[in-house]
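Asks: Dropping the structure in here first, questions after.
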Amino acid sequence: MSSTEQPAPRSDLPQIVSAGGGANQVRVRAYNERLVLSLVRRQGGISKADIARQTGLSAQTVSVIMRALEKDELLIRGKPIRGKVGQPSVPMFLNPDAVFSFGVKIGRRSADLILMDFVGKIRLQLHRTYRYPEPREILTFIVSGIAELETRMSPEQRANVAGVGIAAPFELWNWAEEVGAPQGAMDTWRNFDLQAEVAGRAPYPVFLQNDATSACGAELVFGLGSRYPDFVYFYVGSFIGGGIVLNSTVFVGKTGTAGAIGPLPVRNKHGETKQLLEIASIFVLENLLQERGIDPQPLWYAATDWIDFGEPLEIWIRDSADAIAQATVAASSIIDFSAAVIDGGFPDWVRRRLVAAVNDSFGRLDLQGIQVPEIVEGVVGSQARAIGGASLPIFARYLTDQTVLFKEIEHAEGT
Numbered sequence: 381m382s383s384t385e386q387p388a389p390r391s392d393l394p395q396i397v398s399a400g401g402g403a404n405q406v407r408v409r410a411y412n413e414r415l416v417l418s419l420v421r422r423q424g425g426i427s428k429a430d431i432a433r434q435t436g437l438s439a440q441t442v443s444v445i446m447r448a449l450e451k452d453e454l455l456i457r458g459k460p461i462r463g464k465v466g467q468p469s470v471p472m473f474l475n476p477d478a479v480f481s482f483g484v485k486i487g488r489r490s491a492d493l494i495l496m497d498f499v500g501k502i503r504l505q506l507h508r509t510y511r512y513p514e515p516r517e518i519l520t521f522i523v524s525g526i527a528e529l530e531t532r533m534s535p536e537q538r539a540n541v542a543g544v545g546i547a548a549p550f551e552l553w554n555w556a557e558e559v560g561a562p563q564g565a566m567d568t569w570r571n572f573d574l575q576a577e578v579a580g581r582a583p584y585p586v587f588l589q590n591d592a593t594s595a596c597g598a599e600l601v602f603g604l605g606s607r608y609p610d611f612v613y614f615y616v617g618s619f620i621g622g623g624i625v626l627n628s629t630v631f632v633g634k635t636g637t638a639g640a641i642g643p644l645p646v647r648n649k650h651g652e653t654k655q656l657l658e659i660a661s662i663f664v665l666e667n668l669l670q671e672r673g674i675d676p677q678p679l680w681y682a683a684t685d686w687i688d689f690g691e692p693l694e695i696w697i698r699d700s701a702d703a704i705a706q707a708t709v710a711a712s713s714i715i716d717f718s719a720a721v722i723d724g725g726f727p728d729w730v731r732r733r734l735v736a737a738v739n740d741s742f743g744r745l746d747l748q749g750i751q752v753p754e755i756v757e758g759v760v761g762s763q764a765r766a767i768g769g770a771s772l773p774i775f776a777r778y779l780t781d782q783t784v785l786f787k788e789i790e791h792a793e794g795t
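Below is the structure:
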């Protein structure tokens, strides 16, 4: 994929990889290196012997790969662990300083730009709020923001940037009325290729993905993915969205829109059928506050700095929880998920109250024939969308999973 090529709207972060070239020895070696790096990422502190055992590669092949990865400073050694017999085991870890990536989150009320390291830690970040997103303003924020963050990075860090990953809602123009944009103000998004515009101004590969599915991918990679191989994911932003994880892979379906979550039909407290996003989105809370003469701006200053708005917040949490519980039951009637993961652009204390309210809501629902999944809090937090975006270049260049292996084999057999 070139830096200006528009990708299909897929959401499984490890799948955003160009499978160009044939299955020659260089390609095989590159894949094996990705395989080792991915295993180290998932199980940090793993030894060469364990890597050989879990991958099926020979001990000699693993040693060659590990030496190459250490030489490139992608892996670092931990302290030797001595057992009762034999040589001590040396655990291997990803080197946090080996790779960096810029991640962008574009929301309906705010945008974030982060610099993330190889293990998913945010090193630097910028935040911008606005009444509604305008393409040129967003483009300026990204390009100037990258330049600003680069001034705060060392030459070595700048040399190790893998790319820019953008997490943005698709079809932004559809929600102009809900965000209070003037008539026609959002239509400019219809023909604005943000990925190409950024790629033309930034010296890095640029990737684009849906914001909610990027958040789902971040939870899979850096959050609860190691505990739950199958889960339905809810991310409560200006508009609620989410994703579906099956067999430790984000499932996107044939069009790339599977697991959108927001359009699920649910009933509100008046018995009316609505889409989930019409009840469990932050713009609904914003409207509740405005109706009561309360300034909603603190919602958008910073996701971690909300104040307790009292009754309006409690109403919104209760209504949102009832709707999310219904959506979880609907999803669980199709797939017996092990968990329903709830996160969003709000502080931890709001997330805790929402998850508790969702659990309470199940007591008022008919659950006959339903295996209710465990209802848990997401652990990545309010920056999940930006972290998911920043993951795109890293997976494209360094990491892989079983789905990418299938894609590469499929490509090799077809050439």
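Start counting the sequence shown at 381; every next residue gets the next number (the working numbering). Glycine included, every Cβ here is placed at the ideal spot set by N, Cα and C. If you're wondering where the values come from, they're calculated on a predicted model, not measured in any experiment.
Considering only DSSP beta bridges, list what residue 507 is partnered with.
Replies: Along the sequence shown, read from residue 1 onward, the residue named residue 507 stands at position 127. Looking at the DSSP assignment, residue 507 forms a beta bridge with 492.
Asks: Please determine, among 425, 730, 765 and 474, the residue with the shortest C-alpha to C-alpha distance to residue 621.
Replies: Taking the first residue of the sequence shown as position 1, residue 621 is located at position 241. Nearest C-alpha to residue 621: 765.
Asks: What does DSSP give as the partner residues of residue 647 in its beta bridges?
Replies: Residue numbering aside, residue 647 sits at position 267 when the sequence shown is read from its first letter. Paired residues: 653.
Asks: Grouping DSSP H, G and I as helix and E and B as strand, with all else coil, what is residue 608?
Replies: Position 228 of the sequence shown, counted from the start, is the residue given in the question as residue 608. DSSP places residue 608 in coil when its eight states are reduced to three.
Asks: With a threshold of 8 Å on Cβ separation, who are the neighbours of residue 639 within its own chain once the five nearest residues in sequence on each side are excluded?
Replies: On the sequence shown, residue 639 is found 259 positions in, with the first residue counted as 1. These residues qualify, in order along the chain: 391, 593, 596, 612, 613, 622, 623, 624, 630, 631, 632 and 633.
Asks: Could you tell me the alpha carbon to alpha carbon distance between residue 685 and residue 726, rounded to whole angstroms?
Replies: Your numbering for residue 685 matches position 305 in the sequence shown. Your numbering for residue 726 matches position 346 in the sequence shown. If you take the alpha carbons of residue 685 and residue 726, they lie about 8 Å apart.
Asks: Going by DSSP, which residues form a beta bridge with residue 589?
Replies: Counting from 1 along the sequence shown, the entry for residue 589 is found at position 209. Paired residues: 547.
Asks: Leaving aside the five residues before and after residue 666 along the sequence, list all residues of the same chain whose C-beta is less than 7 Å from its C-beta, in chain order.
Replies: The sequence position of residue 666 within the sequence shown is 286, counting from 1. Answer for residue 666: 676 and 679, listed in chain order.
Asks: For residue 529, I'd like the list of residues in its chain whose CB is within less than 6 Å of its CB, leaving aside the five on either flank, ordered along the chain.
Replies: Reading the sequence shown from its first residue, position 149 is the one you call residue 529. If we look at residue 529 and ignore the five residues flanking it on each side, its Cβ neighbours are 495 and 504.
Asks: Rounded to a whole number of angstroms, what is the C-alpha to C-alpha distance between residue 582 and residue 574?
Replies: One-based indexing of the sequence shown puts residue 582 at position 202. One-based indexing of the sequence shown puts residue 574 at position 194. If I take the Cα positions, the gap works out to 12 Å.
Asks: I'd like to know if the stretch 769-776 and the stretch 543-562 are in contact, where contact means that at least 3 CB-CB pairs between them fall below 8 Å.
Replies: With the cut-off at 8 Å, the stretch 769-776 and the stretch 543-562 touch.
Asks: At which residues does the beta strand (DSSP E) containing residue 456 begin and terminate?
Replies: Position 76 of the sequence shown, counted from the first residue, corresponds to residue 456. Its beta strand (DSSP E) spans residues 455-457.
Asks: Can you name the start and end residues of the alpha helix (DSSP H) that residue 452 belongs to?
Replies: Translated into the one-based positions of the sequence shown, residue 452 becomes position 72. Careful: residue 452 lies outside any alpha helix (DSSP H) and carries neither H nor E.
Asks: Could you check where the beta strand (DSSP E) with residue 779 kicks off and where it finishes?
Replies: Translated into the one-based positions of the sequence shown, residue 779 becomes position 399. Run containing residue 779: none; DSSP gives neither H nor E here.
Asks: Can you tell me where the alpha helix (DSSP H) with residue 529 in it begins and where it stops?
Replies: As a first step, residue 529 must be located in the sequence shown, where it is residue number 149. From DSSP, the alpha helix (DSSP H) with residue 529 extends over 515-531.
Asks: How many whole angstroms separate the CB atoms of residue 645 and residue 653, which I take to be in contact at a CB cut-off of 8 Å?
Replies: Indexing the sequence shown from 1 puts residue 645 at position 265. Indexing the sequence shown from 1 puts residue 653 at position 273. Residue 645 to residue 653, Cβ: 5 Å. Contact.
Asks: Identify every run of the beta strand (DSSP E) within the stretch 702-785, keeping only runs that are complete inside it and at least 3 residues long; order them along the chain.
Replies: Segments of the beta strand (DSSP E) lying fully in the stretch 702-785: 719-724 and 754-757.
Asks: Taking the alpha-carbon of residue 733 as reference, which of 748, 438, 550 and 695 has the nearest alpha-carbon?
Replies: As a working note, residue 733 is residue 353 in the sequence shown. Among 748, 438, 550 and 695, the Cα nearest to that of residue 733 belongs to 695.
Asks: Relative to the C-alpha of residue 492, which residue among 762, 565 and 555 is closest?
Replies: Counted from its first residue, the sequence shown places residue 492 at position 112. Among 762, 565 and 555, the Cα nearest to that of residue 492 belongs to 762.
Asks: Name the DSSP bridge partner or partners of residue 567?
Replies: Mapped onto the sequence shown, residue 567 falls at position 187. Bridge partners of residue 567: none, in fact.
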